[in-house]
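Residue numbers (this note's numbering): 1 to 353. A virtual CB, placed ideally from N, CA and C, is assigned to each residue, including glycine. A short worksheet on the structure shown next.
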Ligand code: FES
Ligand SMILES: [Fe+2]
């Protein structure tokens, strides 16, 4: 499978870099990330050019990584800055690949391809993660043994909620919802309006809704190469999301391929009420982890097993239902972007000959 390379992948939650370093495989490339003394994040190929051991088995020495085998040391640009048992001429030959990383909205965004083409304006916004005046958030990570696009399909087709997570929508009926899908550049929007939604007594009292019958939204924004913002909110009939009393719970679902058949699923959930209630934050995190790892995750993993070694879902000639519109659009857009990138790379290679 060809991965899109000139794009921003989420490499992790920024808070993970309180560790000395983090090593993670992204699109089949093993990459080690660490934070330098000036706060900037460095990302290097996690493979020493001498005997190919992971640099992450070594240690941090200031703003560099020292290989744990024979001590070659590399700075955040990938340059070899020390070759302890050799002469200096080896240092120039020992460079390793460095990746461009941007820290934004508490996430680490990694540009996998040509650093000269990295365009920070294409990083999608997840403002709720950094707007701590309005939102509090929990976050986590799940490893799913399935192709990344199968998980995106799951998130773009919320009709599964009624069957896979019946406890979430007790008392609500899918026929009370309207769904519209549209494309805007690198985004696919799956807009879901909930005309009537039943909230239980506990939530009604907690938010202060006038009735247990409210209205709301569950808008999903999917962005190349597979990052989703799901803007779930509820409010009393006759009001709107922007008025006081609305319950606003944005969620981030950030899907980064590890390999063709496995995915790093970074997730986060925000809320605009009871901001200081840490017990509620911990409870939401535990619930999200339980849902992803015991409901959606196993379903996607079983789907992958049944599909076998081919991950091109449309090649299997699936039955396409109305609710699949956004997932199909996202797949087509990814395919188009990969074809464009392959054509661009081939043209560059031909020009260089
Ligand atoms: S393997 Fe890294 S210095 Fe030898
Ligand atoms: Fe789900």
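Contact belief for residue i with residue j at Cβ below 8 Å, rounded distance in angstroms
| i | j | result |
| --- | --- | --- |
| residue 418 | residue 222 | Only positions 1 to 353 of the chain appear in the structure, and residue 418 is not among them; the question remains open. |
| residue 295 | residue 146 | Contact doesn't hold; Cβ gap of about 13 Å is too wide. |
| residue 74 | residue 65 | 5 Å |
| residue 134 | residue 272 | 6 Å |
| residue 406 | residue 179 | With the chain represented from 1 up to 353, any question about residue 406 goes unanswered, as that position is not in the structure. |
| residue 214 | residue 197 | 5 Å |
| residue 71 | residue 59 | The Cβ separation is near 10 Å, so there is no contact. |
| residue 1 | residue 311 | 6 Å |
| residue 110 | residue 11 | 4 Å |
| residue 90 | residue 79 | That belief does not hold up - the Cβ atoms of residue 90 and residue 79 are roughly 12 Å apart, past 8 Å. |
| residue 108 | residue 7 | Incorrect: roughly 15 Å between the Cβ atoms, too far for contact. |
| residue 101 | residue 33 | 7 Å |
| residue 152 | residue 308 | Between residue 308 and residue 152 the Cβ distance is about 20 Å, and since that is not below 8 Å, they are no contact. |
| residue 176 | residue 195 | 5 Å |
| residue 289 | residue 142 | 7 Å |
According to DSSP, residues forming a beta bridge with residue i
| i | result |
| --- | --- |
| residue 138 | 269 |
| residue 31 | 24, 45 |
| residue 102 | 109 |
| residue 247 | 234 |
| residue 254 | 227, 266 |
| residue 297 | Note: residue 297 sits in no beta bridge, so no partner. |
| residue 12 | 108 |
| residue 198 | 213 |
Simplified DSSP state of residue i, which is helix, strand or coil
| i | result |
| --- | --- |
| residue 7 | coil |
| residue 357 | The requested residue 357 is not part of the displayed model; the chain covers only 1 to 353. |
| residue 262 | strand |
| residue 161 | helix |
| residue 218 | strand |
| residue 69 | coil |
| residue 122 | helix |
| residue 207 | helix |
| residue 181 | strand |
| residue 81 | strand |
| residue 64 | strand |
| residue 190 | strand |
| residue 74 | strand |
| residue 176 | helix |
| residue 213 | strand |
| residue 364 | The structure shown does not extend to residue 364, since the chain is modelled only from 1 to 353, so the question has no answer here. |
| residue 96 | coil |
| residue 348 | helix |
| residue 144 | strand |
| residue 37 | coil |
| residue 114 | coil |
| residue 342 | helix |
| residue 153 | helix |
| residue 19 | coil |
| residue 52 | coil |
| residue 353 | coil |
Beta carbon of residue i nearer than 8 Å to that of residue j
| i | j | result |
| --- | --- | --- |
| residue 314 | residue 183 | no |
| residue 268 | residue 139 | yes |
| residue 399 | residue 292 | Examination of residue 399 is not possible in this model, given that the chain is present from 1 through 353 alone. |
| residue 98 | residue 63 | no |
| residue 257 | residue 148 | yes |
| residue 390 | residue 341 | Nothing about residue 390 can be reported from this structure: the residues present for the chain run from 1 to 353 only. |
| residue 230 | residue 218 | yes |
| residue 232 | residue 249 | yes |
| residue 253 | residue 155 | yes |
| residue 300 | residue 150 | yes |
| residue 199 | residue 189 | no |
| residue 39 | residue 129 | no |
| residue 236 | residue 211 | yes |
| residue 263 | residue 255 | yes |
| residue 118 | residue 105 | no |
| residue 166 | residue 94 | no |
| residue 23 | residue 56 | yes |
Residue i Cβ short of 7 Å to ligand 3 heavy atom set
| i | result |
| --- | --- |
| residue 283 | Here the bound small molecules are ligand 1 and ligand 2; ligand 3 is not part of this structure. |
In chain order, which alpha helix (DSSP H) runs of at least 4 residues are fully inside the region 305-339?
none
Report the residue ranges of all alpha helix (DSSP H) runs contained in full by the region 270-294; include only those spanning at least 4 residues, in chain order.
The region 270-294 contains these whole alpha helix (DSSP H) runs: 278-291.
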